[in-house]
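Protein chains in written order, with this note's numbering: chain G, 50 to 508; chain E, 4 to 174.
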């Protein structure tokens with residue numbers, strides 16, 4: 050027979066030896082939460098309360114309570130929308146693209162990253178609804194004809210965006226759910242009472258038979274193959290919301306790759322931000338090793354370089370084009386009213402990640418955590434710079450204006466982080482936050498007849 | 004009933020694979036294997052070919068492509084309105100929608116295909132099952148005529164199972 054004693058898993062998880070160790074270590078997280086979890090959860094519930102209060106206030110009073118006013122019609126809401134869509138992207142990168150590339154370090158982080166994707170798209174999806182003001186007309190986004198049988202304009206990037214974001218949410222939620230089925234079955238077989246009932250329903254009666262695994266494996270590959278171009282398309286479409294217009298600072302062909310790289314950059318940083326506490330709180334040092342963080346840090350560094358290169362080439366092309374409005378837009382970014390936003394973006398996304406060149410920094414978990422926070426901040430400001438500084442000084446100087454985010458807007462923006470945290474905290478306690486079956490796949494399989502002649506021969 | 008089954012749980016992968024292979028050699032066809040993770044050695048021993056899930060994916064994706072092309076073109080012709088100086092049916096502008104719909108339909112039909120092929124949701128789970136199969140053990144379940152059951156038991160016992168259980172094929 051062809052079962053060899055390969056070095057499977059020795060590389061990434063040297064401290065995990067037995068298959069059922071994984072069940073023990075992961076499923077122990079799905080118990081009654083401690084004080085720390087409840088405190089965080091309470092904080093998030095309060096934050097969601099603030100979020101909803103601010104939103105209801107805006108619905109009650111009208112969109113005038115935001116700072117949005119001609120010429121700046123897109124502000125913090127659109128900034129935060131793009132930010133959360135971007136965060137979502139690295140989850141799919143880790144779960145789908147690295148799956149297809151067979152990266153050996155993705156197994157232990159991908160479930161958390163994928164959950165992050167689903168919750169981040171859920172958060173992002175709220176912002177167009179908040180932004181349009183009259184949210185009770187949100188169903189107008191659904192492509193159906195109006196009372197005179199005029200259909201939506203399918204040539205418009207905003208309609209593309211509706212298709213892209215809803216498809217992305219649906220596919221990533223399905224992909225996430227599919228991956229959890231075998232793990233929830235594992236949880237079901239250990240649980241009792243109400244949890245057992247819940248897990249039985251979620252796992253759809255999964256038993257891990259040969260037939261189930263066979264089709265599951267193939268379906269998973271095809272979903273990954275579909276999700277890979279999807280993730281690249283979604284942020285490209287989001288970037289075309291800007292790039293298809295003629296606003297100076299937006300109208301650039303570089304936008305699609307620039308946005309995708311930025312999305313992955315911010316998303317990987319967010320994965321680091323989320324997994325560092327997860328590892329600490331649940332004692333997952335054997336699963337989330339320094340090697341994993343090193344790999345994520347390298348990905349962060351690589352995308353940071355792409356993003357910084359894109360910044361520089363934008364400035365260069367603005368100068369090289371010789372177009373006055375274009376030149377002004379970029380000069381205004383660096384030295385105009387919003388200089389502080391631009392410099393925050395440049396420092397956080399271009400300069401701080403330079404530290405990741407050093408192995409000592411990449412191997413220090415606290416340092417990575419701090420850097421990842423800087424990147425999260427920097428990437429929010431990147432979108433703010435793109436959205437606001439471009440709009441506030443367009444072509445006609447008499448139409449220029451200043452935008453100041455209102456308290457309501459800031460409360461909704463900050464509240465979205467609590468909304469995201471609310472779902473993520475629930476996830477860590479209700480679903481296995483580490484992919485049990487994928488981890489087992491990379492562990493050395495238990496072999497009885499070690500070094501049997503046939504096994505040697507099969508090698 | 005004449006068909007009966009035996010369930011063996013193994014601790015080791017090679018024992019499992021050997022048991023399956025020897026059962027196959029002895030002419031037992033109704034074999035079901037359990038594993039805590041997708042193990043290609045077991046699939047190989049059972050003689051699996053290519054999964055038909057891929058057909059579901061392809062057909063779903065192509066349906067999405069066709070639907071989106073038809074939908075965007077038809078609605079544009081339905082009320083012809085020149086927008087942005089583009090032709091009424093401007094294919095490049097429809098590509099993003101066509102692409103997203105292809106992915107959406109492809110993904111959903113893959114999942115439906117998976118559910119159909121692997122008989123999920125499994126509302127009435129099989130009687131012969133051990134919760135250890137989702138933890139760390141492998142299982143082999145063979146169903147045979149009661150006359151040949153003894154032979155199967157012998158083959159399965161040769162690979163030193165942790166547990167050997169006899170079970171009726173159905174409730």
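Think of the CB as a built atom: it goes at the ideal place given N, C-alpha and C, for glycine as much as any other residue.
- Query: By DSSP, does residue 13(E) sit in helix, in strand, or in coil?
  - Reply: It is a strand residue.
- Message: Need the endpoints of the beta strand (DSSP E) that residue 37(E) sits in, please.
- Response: Counted as a single uninterrupted DSSP element, the beta strand (DSSP E) harbouring residue 37(E) occupies residues 34–37.
- If you draw a straight line from the C-alpha of residue 210(G) to the C-alpha of residue 29(E), how long is it? So the two alpha carbons sit approximately 59 Å from each other.
- Task: Pick out whichever of 207(G), 400(G), 333(G) has its Cα sitting closest to the Cα of residue 355(G).
- Result: Just measuring C-alpha positions, the residue of 207(G), 400(G), 333(G) sitting nearest residue 355(G) is 400(G).
- Item | Cut-off 8 Å between Cβ atoms - residues of its own chain near residue 76(E), not counting five sequence neighbours on either side | 92, 97, listed in sequence order.
- Task: Answer yes or no: does any C-beta atom of chain G fall closer than 8 Å to that of residue 110(E)?
- Result: Yes - at least one Cβ of chain G is within 8 Å of the one on residue 110(E).
- Message: Per DSSP, what are the beta-bridge partners of residue 520(G) in this structure?
- Response: Outside the displayed range of chain G (50 to 508) lies residue 520(G), so it cannot be described from this structure.
- Evaluate residue 33(E) with the Cβ neighbour count: other Cβ atoms within 10 Å of its Cβ, from every protein chain shown; 16 or more gives buried, anything less gives exposed. Exposed: under 16 other Cβ atoms inside 10 Å.
- Can you give me the Cβ contacts of residue 300(G) inside the same chain, cut-off strictly under 7 Å, excluding the 5 residues immediately before and after it? Closer than 7 Å at Cβ, skipping near neighbours: 292, 294.
- Got a sec? Which residues, its chain only, sit under 7 Å from residue 103(G) by beta carbon, not counting five neighbours each side? Sequence-distant Cβ neighbours of residue 103(G) in its own chain, meaning closer than 7 Å and more than five residues away, are 457, 460, 461, 464.
- Task: Note down, in chain order, each residue of its chain lying with its Cβ closer than 6 Å to the Cβ of residue 469(G), except the 5 sequence neighbours on either side.
- Result: Closer than 6 Å at the Cβ level, and outside the excluded window around residue 469(G), lie 168, 172.
- Option nearest residue 405(G) by Cα separation, candidates 260(G), 416(G), 395(G): When C-alpha distances from residue 405(G) are compared across 260(G), 416(G), 395(G), the shortest belongs to 416(G).
- Message: Judging by CA-CA distance, which residue of 421(G), 111(G), 141(G) is the nearest neighbour of residue 326(G)?
- Response: Distances from the alpha-carbon of residue 326(G) to those of 421(G), 111(G), 141(G) put 421(G) closest.
- Can you name the residues that DSSP bridges to residue 167(E)? The partner list for residue 167(E) (beta bridge, DSSP) reads 11(E).
- Task: Would you identify the three-state DSSP class for residue 428(G), choosing helix, strand or coil?
- Result: Residue 428(G) falls in the helix class under three-state DSSP.
- Item | Three-state secondary structure assigned by DSSP to residue 3(E) | Because chain E is modelled from 4 through 174, residue 3(E) falls outside the range shown and cannot be assessed.
- Item | Per-residue burial, residue 85(G) [other beta carbons within 10 Å of its own, 16 or more giving buried] | It is exposed - the Cβ of residue 85(G) has fewer than 16 other Cβ atoms within 10 Å.
- Return yes when the Cβ of residue 120(G) is within less than 8 Å of the Cβ of residue 450(G), no when it is not. For the pair residue 450(G) and residue 120(G), the CB atoms are nearer than the 8 Å cut-off.
- Item | Contact list for the segment 339–359 of chain G against chain E, Cβ threshold 8 Å | Here the close residues number zero.
- Taking C-beta to C-beta, are residue 162(E) and residue 18(E) nearer than 8 Å? Yes. Within cutoff.
- Item | Boundaries of the alpha helix (DSSP H) in which residue 98(E) is found, first to last residue | Counting along the chain, the alpha helix (DSSP H) containing residue 98(E) begins and ends at 94–120.
- Task: Check whether the Cβ of residue 68(E) lies closer than 8 Å to any Cβ atom in chain G.
- Result: Not one chain G Cβ lies under 8 Å of residue 68(E).
- Message: Strictly under 8 Å for the Cβ-Cβ distance: is residue 83(E) near chain G by that measure?
- Response: Judged by the 8 Å Cβ criterion, residue 83(E) is not in contact with chain G.
- Residue ranges of each beta strand (DSSP E) run of no fewer than 3 residues wholly in the segment 272–335 of chain G, ordered along the chain? Taking only runs of at least 3 residues, no beta strand (DSSP E) segment lies wholly in the segment 272–335 of chain G.
- Simplified DSSP assignment, three categories, for residue 142(E): Three-state DSSP puts residue 142(E) in a strand.
- So which of 196(G), 204(G), 269(G) has the shortest CA-CA distance to residue 87(E)? Distance from the Cα of residue 87(E) is smallest, within the candidate group 196(G), 204(G), 269(G), for 204(G).
- Task: Between the Cα of residue 254(G) and those of 230(G), 276(G), 267(G), spot the shortest distance and give me the residue it belongs to.
- Result: Taking only the C-alpha atoms, the option nearest residue 254(G) is 230(G).
- Exposed or buried, residue 4(E), counting other C-beta atoms within 10 Å across all chains shown (16 or more means buried)? With a pLDDT of 47 at residue 4(E), under the threshold of 50, the modelled position of that residue is not reliable, and the figure given next carries that caveat. Label assigned to residue 4(E): exposed.
- Query: residue 168(E) CB to nearest chain G CB: under 8 Å?
  - Reply: By this cut-off, residue 168(E) is not an interface position.
- Query: How would you write the range of the alpha helix (DSSP H) that residue 89(G) sits in, first residue to last?
  - Reply: That run of the alpha helix (DSSP H) goes 84–110.
- Return no unless some Cβ of chain E is closer than 8 Å to the Cβ of residue 156(G). So no, residue 156(G) is outside the interface.
- If you draw a straight line from the alpha carbon of residue 494(G) to that of residue 156(G), how long is it in whole angstroms? Cα-Cα distance, rounded: 16 Å.
- Task: Please name the residue in 280(G), 413(G), 243(G) whose C-alpha comes closest to that of residue 338(G).
- Result: For the residues 280(G), 413(G), 243(G), the minimum Cα distance to residue 338(G) belongs to 413(G).
- Item | Where residue 80(G) meets chain E, residues with beta-carbon distance less than 9 Å | At a beta-carbon threshold of 9 Å, none of the residues of chain E lie near residue 80(G); the nearest stands roughly 17 Å away.
- With a CB to CB cut of under 6 Å and the five nearest residues on each side skipped, what residues in its chain are close to residue 357(G)? Excluding positions up to five away in sequence, the list reads 399.
- Tell me, please, whether the CB atom of residue 496(G) is closer than 8 Å to any CB atom in chain E? The beta carbon of residue 496(G) sits closer than 8 Å to some beta carbon of chain E.
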